[in-house]
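Student: My structure is below; once you've seen it, I'll send some questions.
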Amino acid sequence: MKLINRSSFTLLAKAPFANWVATLEGKISVDDGYELLSLAQLRESGSVYLIDEVAQEQDFDTLFTSSWQQMFENELSAWDEFGDYWPEINIELFRQWFDCQENLMSFDLCKDPMMSAKISG
């Protein structure tokens, strides 16, 4: 096990996000074996976003301010890749749609080296 020099945010969907996902049924093409998920399923999976290592809890505020929009857009694009049905994005909506948990430390349990691929910006 390795301690890595990253902290993280874990996003868990709330009901308004699940409701938005449900509105996409019939509007977007869904790949074979890929289905729209319920709130419970969305909350089970969540998403983890690695951020710069945080020394103190209050440092999360600064990193959240610079990261919330990118996280929000990534969550939306997972369901609507081209943004045809995205709502108007703002921080208030983000807070209504997601619980954002702060994780001070991150650990790597894998023996293989970490791989990464740039997917945006």
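With the numbering used here, letter number 47 in the sequence shown gets 35, and the count goes up by one each step, no holes. Note that the Cβ used here is the ideal one computed from N, Cα and C, for glycine as well. As the structure is a computational prediction, the values presented were derived from the model and not from experiment.
Only counting the same chain, and skipping five residues up and downstream in sequence, which positions put a Cβ closer than 6 Å to that of L51?
Tutor: Taken in chain order, the residues that qualify are I39.
Student: So, do the segment 94 to 109 and the segment 6 to 13 have three or more beta carbon pairs nearer to each other than 8 Å?
Tutor: No: the two stretches stay apart, fewer than three of their Cβ pairs being nearer than 8 Å.
Student: Going by the C-beta, is W56 closer than 8 Å to any heavy atom of the ligand MN?
Tutor: Of the ligands one can find in the structure shown there are none, so the ligand MN has no counterpart to examine.
Student: Does the beta-carbon distance from E61 to S(-4) come in below 9 Å?
Tutor: For E61 and S(-4), no; Cβs fall outside 9 Å.
Student: Whole angstroms are fine: how far does the CA of L0 sit from the CA of A66?
Tutor: If you take the alpha carbons of A66 and L0, they lie about 14 Å apart.
Student: Determine the DSSP secondary structure at F70, reduced to helix, strand or coil.
Tutor: Of the three classes helix, strand and coil, the one that applies to F70 here is coil, per DSSP.
Student: Buried or exposed: where does M93 fall if 16 or more other Cβ atoms within 10 Å of its Cβ makes it buried?
Tutor: Its Cβ having fewer than 16 others within 10 Å, M93 is exposed.
Student: Return the chain-ordered list of same chain residues with a C-beta closer than 7 Å to the C-beta of Q57, the five sequence neighbours on each side being excluded.
Tutor: Closer than 7 Å at Cβ, skipping near neighbours: I77.
Student: Let me make sure I understand the geometry here. Which of F86, D96, A43 and M59 has the alpha-carbon closest to that of R31?
Tutor: R31 has its Cα closest to that of F86, out of F86, D96, A43 and M59.
Student: According to DSSP, is D40 helix, strand or coil?
Tutor: Three-state result, D40: strand.
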